[in-house]
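First the structure, in the form of structure tokens, and then the observations on it.
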Ligand SMILES: [Zn+2]
């Protein structure tokens, strides 16, 4: 038996537990941390001293006393470093700078029309450079960069296919790591959205949830038993490409009749071009304009939103039957149109889903929208930083 090895390991695990306890539940006194973790106070004090030296924890204020000396309270240092997260939509790129508490310090959102690989990568770099300039001084500086893409990403960060961007077998991980001298994590944007809502949003309390990213395409992120489910190679959750009509339209993924061809923002915009308002005016529809028209009572537009809501409901009934989740969270761009899609969606669920599936199910709209994916990416970066600094082990 390697005593030293074991001792080091136990210390590392305990330090992780202490940091996690303070991070998730602070402000706490040393005595409370010791009590909650079942560790002795001398051990906790020594680990807290190390964490204070590492500038990950700081002392603040005075806590409630039970009669004796008032204890000093401990807090996680959200300002120890910063993350940059870039969510690459198909018609936008959204970059945010966050602290370790998930607070957005600065953001940059640009619309994109040309999704060719070189153009998008150069836009991503511009956004990162802008956000780095905005970053305040801190002990650890930039901890890493997370990038979310609407496509299938393998465990090494290679993008195998992003149909709506027109990309296959590309990766910019090493290129960006070299240029910005920090870790770069590339993830499917719906996985990131699911994780963001689970960590900091409306999914906080659900152990099993499905996040639907309804933008130009549809992506899904699966949280099963509190963990992001990626499948054996990282390809799980491509439910936007489940086939709902084998005789349907051709999809950019190569198949026919995929769900996202009936219920995405892309479909909404495509169908809107045939409405009399846009034909008469020769105008190009946008989601924002359609919502404004619906608000003014334009019945054609309201009916179109209903149609999209109905098809969203059809896909969701399939998902409910597969996963029996606690929560389904509708996020990304189309969540903005909640007012117009919620009722037709619920009507479909009432007609097509067996009652017992719905007993404990909540269908909700993302609370962090449009930042669900960005904040999930920030979370990945923060966890990776803490893990690589031997502070926090892999949660799995
Ligand atoms: Zn498809």
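Residue numbers (my numbering): 113 to 508. Don't be surprised by glycine CBs; every beta carbon is placed ideally from N, CA and C.
Asked: Using a Cβ distance threshold of 8 Å, determine whether the region 304-323 contacts the region 489-503, with at least three qualifying pairs required.; Found: yes
Asked: Just to confirm the assignment: which complete beta strand (DSSP E) runs, minimum length 3, are found wholly within the region 150-237?; Found: 169-174, 184-188, 194-200, 204-211 and 216-223
Asked: When you compare the region 476-487 with the region 299-310, are there three or more beta-carbon pairs, one atom per stretch, that lie closer than 8 Å?; Found: yes
Asked: What is the DSSP secondary structure of residue 347, reduced to helix, strand or coil?; Found: coil
Asked: Return the residue from the list 235, 171 and 120 that minimises the CA-CA distance to residue 134.; Found: 171
Asked: CB of residue 338 to nearest heavy atom of ligand 1: below 7 Å?; Found: no
Asked: If I follow the unbroken alpha helix (DSSP H) through residue 399, where does it start and stop?; Found: 399-407
Asked: Looking at the strands, I want to know which residues DSSP matches up with residue 370.; Found: 355
Asked: Does the region 353-369 come into contact with the region 280-291, if we say contact requires no fewer than three beta-carbon pairs (one atom in each stretch) closer than 8 Å?; Found: no
Asked: If you compare alpha carbons, which of 425, 221, 403 and 124 is closest to residue 202?; Found: 221
Asked: What separation, rounded to the nearest whole angstrom, lies between the Cα atoms of residue 345 and residue 422?; Found: 32 Å
Asked: Where does residue 195 land, buried or exposed, given buried means 16+ other C-beta within 10 angstroms?; Found: buried
Asked: Please return the same chain residues whose Cβ sits closer than 8 Å to the Cβ of residue 504, not counting the five positions on each side in sequence.; Found: Residue confidence is low: residue 504 scores 48 on pLDDT, short of 50, so the model does not pin down where it sits. Its coordinate-derived value is still stated next. 128, 131, 132, 495 and 498.
Asked: For the beta strand (DSSP E) that contains residue 325, what are its first and last residues?; Found: 321-326
Asked: Whole angstroms is fine: what's the gap from residue 251's alpha carbon to residue 291's?; Found: 21 Å
Asked: So residue 387 and residue 449 are supposed to be a Cβ contact under 8 Å. How far apart are they, rounded?; Found: Not confirmed; about 15 Å, so no contact.
Asked: Between the Cα of residue 236 and the Cα atoms of 125, 262 and 206, which residue gives the shortest distance?; Found: 206
Asked: What is the C-beta distance between residue 380 and residue 402, in whole angstroms, given that I count them as a contact (C-beta under 8 Å)?; Found: 7 Å
Asked: Around the C-beta of residue 122, are 16 or more other C-beta atoms found within 10 angstroms, so that it is buried, or is it exposed?; Found: exposed
Asked: Figure out for me which residue from 190, 204, 224 and 223 has the closest Cα to the Cα of residue 217.; Found: 190
Asked: Could you name the residues that DSSP lists as bridge partners for residue 264?; Found: 273
Asked: I need the straight-line Cα distance from residue 273 to residue 333, nearest angstrom please.; Found: 17 Å
Asked: Measuring straight from C-alpha to C-alpha, what distance separates residue 138 and residue 161?; Found: 16 Å
Asked: Suppose contacts are defined by Cβ-Cβ distances below 8 Å. Is residue 432 in contact with residue 469 by that definition?; Found: yes
Asked: Mind checking whether residue 258 and residue 297 have CB atoms under 8 Å apart?; Found: yes
Asked: I need the straight-line Cα distance from residue 143 to residue 153, nearest angstrom please.; Found: 6 Å
Asked: Apart from the five residues on each side of it in sequence, which residues of its chain come closer than 6 Å, Cβ to Cβ, to residue 157?; Found: 142
Asked: Heavy atom of ligand 1 less than 7 Å from the Cβ of residue 367, yes or no?; Found: yes
Asked: Which of helix, strand or coil does DSSP assign to residue 332?; Found: strand
Asked: Can you round the beta-carbon distance between residue 287 and residue 265 to whole angstroms, since I take them to be within the 8 Å contact cut?; Found: So it is not a contact: roughly 16 Å between Cβ atoms.
Asked: Are residue 169 and residue 188 close, meaning C-beta to C-beta below 8 Å?; Found: yes
Asked: When you compare the CB positions of residue 343 and residue 329, do they come within less than 8 Å of one another, or not?; Found: no
Asked: Taking C-beta to C-beta, are residue 322 and residue 440 nearer than 8 Å?; Found: yes
Asked: Does the beta-carbon of residue 276 have 16 or more other beta-carbons within 10 angstroms, so that it is buried, or is it exposed?; Found: buried
Asked: Where does the unbroken alpha helix (DSSP H) through residue 468 begin, and where does it stop?; Found: 467-470
Asked: Quick check on the DSSP output: the beta strand (DSSP E) that includes residue 70 runs from which residue to which?; Found: Residue 70 is absent from the model: the chain starts at 113 and stops at 508.
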